[in-house]
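> One structure is given below, represented as structure tokens, and several questions about it will come after.
Chains as they are written, first to last, in the numbering used here: chain A, 1 to 277; chain B, 1001 to 1277.
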């Protein structure tokens, strides 16, 4: 398959579109280019501690214009999953307020006390305190089942690499001896389904672009999408080439896509001119 | 061996001497009784987030008079261990300020930045924030070796069971993929040696009394002490009897010891009276 045959683009956010609060150079133009070609786009992120609205506002502040329904976060998918499968459940959240917003948005019940929770839902908690950790401990200790929006170990923040959800999960699992029953985020099929559903494009015509082999490329491979790895996250080209997960493309940055598309157009233009002669 | 032949008493604190900030009923009298009989006592606790001085003041506030050198905490033993084996090392602490006090007390160097640390020393952090967790993550991620004052999963606090050091350790281990190289606290031989050294009594004449099978009774068995389990922590008599670790005695509370000692004295008195006749 050629890049010009791809009709649905599934694009990761952290480390792919932006890094440390700034849009990566050339990315805005790439997205404009895709739109001008009539391509469908969704932004698929493992961020579980913010709501879709918060993400929309963050992107707008960075100068990136997207539609609210082009954003799919692990918080969004977690909320929809709980609503669909455990409608009666009371949920205790270990994580930032954004996840609670997303749960409320679809009408999931938040447990009043940790001890009353049916599920403990864990996400990144950038305002974590001991009290928060202890309440989550009490929820799990008293029998709440454990779900996580995602299980990423670290993320690139403005101060460098920072501890991610895996830390919050590790704390609760180690202290209670309980297991995490379900991780919603990439590379799960739940995230793939949400992305494909939003695009409304057959999976074979979809390309996932991200900076993580374990979450983005693995999701793409499992779901049957084309895959492109960008090196604007934590991976070097050498590390990417050593991996068993072979992405279809490896680009220095999402901006590389714009150049490839432009070159393709030019080539097509020449072919078209040629056929006229 | 009979109880009256025990000359050194190694007594746990949390759940044995006090619980939720209050001395357990009858414990003060038991300790007075031991003193009146000329027995040597040390209080051996896995608490690593307070200094010896803080512990001394806490016990005094609860109305329990002890000597400063009768207190041995995992913070004390950690500080001494690092001073002895890694004198040149710079240490980053994930934990409450008390541990830093204890390290400073013996002249251990505290790392200025997480990235510069040779060791990350983890203890309970009851004032934990995300920033603290992230700094510890950065220390371990940048190569600091990991040591923990102890590895207890939970402790009885005024609000019920609360998450302990295992949570802080679990967070760092899960996010970095690194391992803890050394756990200082009970049931380690380091703690046993510190207790026996402070008592100055042959180990065969020592009895450890505590509420935990895994830390107190196991330490006693490994080190060759007599062992007594008290049920003022989280264990029931049934659970204690099901365990493979068979303590020499199981008492409802440390207060039971006073009665046994009194009964023994009475019996000895009768024997003495008898022998006079």
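Quick reminder that beta carbons are idealized off the backbone N, C-alpha and C, glycines included.
If you're wondering where the values come from, they're calculated on a predicted model, not measured in any experiment.
With a cut-off of 8 Å on the beta carbons, I'd call residue 1015 (chain B) and residue 1232 (chain B) a contact; round off their distance for me.
Translated into the one-based positions of the second chain, residue 1015 (chain B) becomes position 15. Translated into the one-based positions of the second chain, residue 1232 (chain B) becomes position 232. At roughly 6 Å, the Cβ-Cβ gap stays under 8 Å, so residue 1015 (chain B) and residue 1232 (chain B) are in contact.
> Do residue 1090 (chain B) and residue 1076 (chain B) have their C-beta atoms within less than 7 Å of each other?
Stepping through the second chain from its first residue, residue 1090 (chain B) is reached at position 90. Stepping through the second chain from its first residue, residue 1076 (chain B) is reached at position 76. No. Outside cutoff.
> Considering residue 197 (chain A), what are the terminal residues of the beta strand (DSSP E) in which it resides?
Stepping through the first chain from its first residue, residue 197 (chain A) is reached at position 197. That residue, residue 197 (chain A), is in no beta strand (DSSP E); its alpha helix (DSSP H) goes 189-199.
> Could you check whether the Cβ of residue 1130 (chain B) sits closer than 7 Å to any Cβ belonging to chain A?
Looking up residue 1130 (chain B) in the second chain gives position 130. So, interface residue.
> Just reading off the beta strand (DSSP E) that residue 1210 (chain B) is part of, what are its end residues?
Here the question's residue 1210 (chain B) lines up with position 210 in the second chain. That run of the beta strand (DSSP E) goes 1206-1210.
> Three-state secondary structure (DSSP) at residue 1163 (chain B)?
What you label residue 1163 (chain B) is simply residue 163 of the second chain in a count that begins at 1. If DSSP states are grouped into helix, strand and coil, residue 1163 (chain B) belongs with the strands.
> Got a sec? Which residues, its chain only, sit under 6 Å from residue 1142 (chain B) by beta carbon, not counting five neighbours each side?
Within the second chain, numbered from 1, the residue matching residue 1142 (chain B) stands at position 142. Hits under 6 Å: 1115.
> Go ahead and label residue 12 (chain A) buried or exposed: buried means 16 or more other beta carbons lie within 10 angstroms of its beta carbon, across all protein chains shown.
Locating residue 12 (chain A) in the first chain gives position 12, counting from the first residue. Looking at its Cβ environment, which holds 16 or more other Cβ atoms inside 10 Å, residue 12 (chain A) is buried.
> Would you list the residues sitting across from residue 1074 (chain B) in a DSSP beta bridge?
By 1-based counting over the second chain, the position of residue 1074 (chain B) is 74. Looking at the DSSP assignment, residue 1074 (chain B) forms no beta bridge with any residue, so it has no partner.
> Report the start-end ranges of each alpha helix (DSSP H) in the stretch 1043-1097 of chain B that is 4 residues or longer and not cut off at the edges.
With a minimum length of 4 residues, the continuous alpha helix (DSSP H) runs that stay inside the stretch 1043-1097 of chain B are 1052-1061, 1074-1085.
> Relative to chain A, which residues along the stretch 1163-1184 of chain B have a C-beta separation below 8 Å, given in chain order?
Only 1163, 1164, 1166, 1167, 1168, 1169, 1170, 1171, 1172, 1173, 1174, 1175, 1176, 1177 from the stretch 1163-1184 of chain B bring a Cβ to less than 8 Å from some Cβ of chain A.
> Give me the DSSP bridge partner(s) of residue 1156 (chain B).
Within the second chain, residue 1156 (chain B) is the residue found at index 156, counting from 1. Per DSSP, B:1161.
> Does any C-beta atom of chain A lie closer than 7 Å to the C-beta of residue 1137 (chain B)?
The count along the second chain starts at 1 and reaches residue 1137 (chain B) at position 137. Closer than 7 Å: yes.
> Is the CB of residue 121 (chain A) under 7 Å away from at least one CB in chain B?
The sequence position of residue 121 (chain A) within the first chain is 121, counting from 1. No, its Cβ sits nowhere closer than 7 Å to a Cβ of chain B.
> Roughly how many angstroms lie between the CA atoms of residue 1031 (chain B) and residue 1071 (chain B), to the nearest whole one?
Position 31 of the second chain, counting from 1, holds the residue named residue 1031 (chain B). Position 71 of the second chain, counting from 1, holds the residue named residue 1071 (chain B). One C-alpha to the other measures close to 14 Å.
> Give the straight-line distance between the Cα atoms of residue 62 (chain A) and residue 56 (chain A), rounded to the nearest whole angstrom.
If you number the first chain from 1, residue 62 (chain A) lands on position 62. If you number the first chain from 1, residue 56 (chain A) lands on position 56. The straight-line gap from Cα to Cα measures roughly 10 Å.
> Against chain A, does residue 989 (chain B) count as a neighbour if the rule is that its beta carbon must be under 7 Å from one of theirs?
Here chain B comprises residues numbered 1001 to 1277, so residue 989 (chain B) is not present and cannot be evaluated.
> Which same chain residues end up closer than 8 Å to residue 1040 (chain B) when comparing Cβ atoms and leaving out the 5 residues on each side of it in sequence?
Position 40 of the second chain, counted from the first residue, corresponds to residue 1040 (chain B). Cβ within range, chain order: 1007, 1008, 1009, 1199, 1200, 1201.
> Please report the straight-line C-alpha distance between residue 3 (chain A) and residue 170 (chain A), rounded to a whole angstrom.
Taking the first chain and counting its residues from 1, the one referred to as residue 3 (chain A) is at position 3. Taking the first chain and counting its residues from 1, the one referred to as residue 170 (chain A) is at position 170. The alpha-carbon atoms of residue 3 (chain A) and residue 170 (chain A) are separated by roughly 40 Å.
> Buried or exposed: residue 1067 (chain B), going by 16 or more other Cβ atoms within 10 Å of its Cβ?
Residue numbering aside, residue 1067 (chain B) sits at position 67 when the second chain is read from its first letter. It is exposed - the Cβ of residue 1067 (chain B) has fewer than 16 other Cβ atoms within 10 Å.
> Terminal residues of the continuous alpha helix (DSSP H) containing residue 138 (chain A)?
One-based indexing of the first chain puts residue 138 (chain A) at position 138. Boundaries of the alpha helix (DSSP H) harbouring residue 138 (chain A): 130-141, taken from the DSSP string.
> Go ahead and label residue 1085 (chain B) buried or exposed: buried means 16 or more other beta carbons lie within 10 angstroms of its beta carbon, across all protein chains shown.
Residue 1085 (chain B) sits at position 85 when you count from the first residue of the second chain. Exposed, since its Cβ has fewer than 16 Cβ neighbours within 10 Å.
> Do residue 1245 (chain B) and residue 1213 (chain B) have their C-beta atoms within less than 7 Å of each other?
The residue given as residue 1245 (chain B) occupies position 245 in the second chain. The residue given as residue 1213 (chain B) occupies position 213 in the second chain. Yes.
> Just the C-alpha distance for residue 1206 (chain B) and residue 1247 (chain B), rounded to the nearest angstrom, thanks.
As a first step, residue 1206 (chain B) is located in the second chain; it is residue number 206 there, counting from the start. As a first step, residue 1247 (chain B) is located in the second chain; it is residue number 247 there, counting from the start. Taken atom to atom, the span from the alpha-carbon of residue 1206 (chain B) to that of residue 1247 (chain B) is near 14 Å.
> What number of angstroms, rounded off, separates the C-alpha of residue 1124 (chain B) from the C-alpha of residue 1025 (chain B)?
As a working note, residue 1124 (chain B) is residue 124 in the second chain. As a working note, residue 1025 (chain B) is residue 25 in the second chain. Distance between the alpha carbons of residue 1124 (chain B) and residue 1025 (chain B): 27 Å.
> Which value, in whole angstroms, describes the spacing of the CA atoms of residue 946 (chain B) and residue 45 (chain A)?
Beyond the ends of chain B as shown, which are 1001 and 1277, falls residue 946 (chain B); an answer cannot be given.
> Using a Cβ-Cβ distance under 7 Å, would residue 1133 (chain B) count as near chain A?
If you number the second chain from 1, residue 1133 (chain B) lands on position 133. It does: the Cβ of residue 1133 (chain B) has a partner Cβ on chain A nearer than 7 Å.
> Do you know how far the Cα of residue 184 (chain A) is from the Cα of residue 166 (chain A)?
What you label residue 166 (chain A) is simply residue 166 of the first chain in a count that begins at 1. What you label residue 184 (chain A) is simply residue 184 of the first chain in a count that begins at 1. C-alpha separation (whole angstroms): 13 Å.
> I'd like to know whether the C-beta atoms of residue 136 (chain A) and residue 119 (chain A) end up nearer to each other than 7 Å.
In the first chain, the residue the question calls residue 136 (chain A) occupies position 136. In the first chain, the residue the question calls residue 119 (chain A) occupies position 119. The Cβ atoms of residue 136 (chain A) and residue 119 (chain A) do not sit closer than 7 Å to each other.
> Do residue 98 (chain A) and residue 49 (chain A) have their beta-carbon atoms positioned less than 7 Å apart in this structure?
The residue labelled residue 49 (chain A) in the question sits at position 49 within the first chain. The residue labelled residue 98 (chain A) in the question sits at position 98 within the first chain. Against a cut-off of 7 Å, the Cβ pair of residue 98 (chain A) and residue 49 (chain A) comes out as a contact.
> Could you give the distance in angstroms between the alpha-carbon of residue 1152 (chain B) and the alpha-carbon of residue 175 (chain A)?
Taking the second chain and counting its residues from 1, one reaches residue 1152 (chain B) at position 152. Taking the first chain and counting its residues from 1, one reaches residue 175 (chain A) at position 175. Going by the C-alpha atoms only, they are around 8 Å apart.
> Would you say residue 1153 (chain B) lies against chain A (beta-carbon separation less than 7 Å)?
Within the second chain, residue 1153 (chain B) is the residue found at index 153, counting from 1. Yes - at least one Cβ of chain A is within 7 Å of the one on residue 1153 (chain B).
> Taking the C-alpha atoms as reference points, what is the distance between residue 103 (chain A) and residue 1079 (chain B)?
The count along the first chain starts at 1 and reaches residue 103 (chain A) at position 103. The count along the second chain starts at 1 and reaches residue 1079 (chain B) at position 79. Answer to the nearest angstrom: the Cα atoms are 46 Å apart.
> Going by DSSP, which residues form a beta bridge with residue 1228 (chain B)?
As a first step, residue 1228 (chain B) must be located in the second chain, where it is residue number 228. In DSSP, residue 1228 (chain B) forms a bridge with B:1209, B:1249.
> Quick check on this structure: which residue in A:216, A:177, A:211 has the alpha carbon closest to the alpha carbon of residue 192 (chain A)?
Along the first chain, one-based indexing puts residue 192 (chain A) at 192. For residue 192 (chain A), the nearest C-alpha among the options comes from A:216.
> Out of A:257, A:187, A:252, A:240, which one is the CA nearest neighbour of residue 225 (chain A)?
What you label residue 225 (chain A) is simply residue 225 of the first chain in a count that begins at 1. Nearest to residue 225 (chain A) by C-alpha distance, out of A:257, A:187, A:252, A:240, is A:187.
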